[in-house]
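The numbering of the sequence shown is this note's numbering, which starts it at 1340 and goes up by one. Backbone N, C-alpha and C define an ideal beta-carbon position, used for all residues, glycine too.
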Amino acid sequence: MLRDPNTPADLEIMFSDIFEVQLADRTKVRGCFALWKRTRHILALAFDYSMRADLVVSTIEMVEFSVPGVIWHSDQGSQYGAEQTRTALLLKGFQRSMSRAGTPTDNGYAERFVGMFKLAVAERRSYRTLGEFLQQAERWINFYNQQRPHEGLQQQSPDHYAREHGLPTAPYLPLL
């Protein structure tokens, strides 16, 4: 089932996207994440050398979110429409939603996160190894969830906002 990204605010929505980072040796690494709209937490972040549906499935499986009917919103990448991705979403109790073709603004939360991540981590310096990159990405993503103020959360971090509103905080995300 495809859902309109402009759904009512009381519905729980996860935004997801895939992005690419290039290491110093020109090796390309792809990342996929799940962003919880309500708190702006990144609940999962997975990396792989390929951009196949396995990357999205790994991300879905990492999410520790137990509210049935959560809407999983993404762009129309083939990885998100793949049968194994649809099965993983079904098993997790998520409803699939996709942006309109050629309309990145339909997935604005995800696009904004990708831009911040690339600016703060990927483009900050050149990484000689995947391990070096993952170590910095882990440090930053947990800072993002625990301490980084967000304009949309009245300048509170996702964890602070969640605690203030009786919502779960994100677990520490290890990437190594």
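query                                                                                              : result
Residues sharing a beta bridge with residue 1494, DSSP                                             : Per DSSP, none; premise fails for residue 1494.
Nearest neighbour of residue 1388, chosen from 1487, 1496, 1469, 1478 [CA to CA]                   : 1469
Where the alpha helix (DSSP H) containing residue 1434 begins and where it ends                    : From DSSP, residue 1434 is part of no alpha helix (DSSP H) but of the beta strand (DSSP E) over 1434-1437.
Own chain residues within Cβ distance below 7 Å of residue 1397, not counting five before or after : 1385
Inter-residue spacing [alpha-carbon to alpha-carbon] between residue 1448 and residue 1364         : 30 Å
Environment of residue 1455 [buried if 16+ CB atoms lie within 10 Å]                               : exposed
Pairwise C-alpha distance: residue 1432 and residue 1409                                           : 7 Å
Buried or exposed by the 16-neighbour rule on C-beta atoms within 10 Å, applied to residue 1505    : exposed
Distance between beta carbons of residue 1438 and residue 1414, contact taken as under 8 Å         : 5 Å
7 Å Cβ cutoff met for residue 1461 and residue 1360                                                : yes
Three CB pairs or more closer than 8 Å across the region 1470-1489 and the region 1373-1384        : yes
Host beta strand (DSSP E) of residue 1355 (start-end)                                              : 1352-1361
Three-state class that DSSP yields for residue 1507 in the structure shown                         : coil
Reduced DSSP category for residue 1514 - H, G, I as helix; E, B as strand; rest coil               : coil
Bridge-paired residues (DSSP) for residue 1374                                                     : 1354, 1381
Nearest-angstrom Cα separation, counted from residue 1418 out to residue 1501                      : 31 Å
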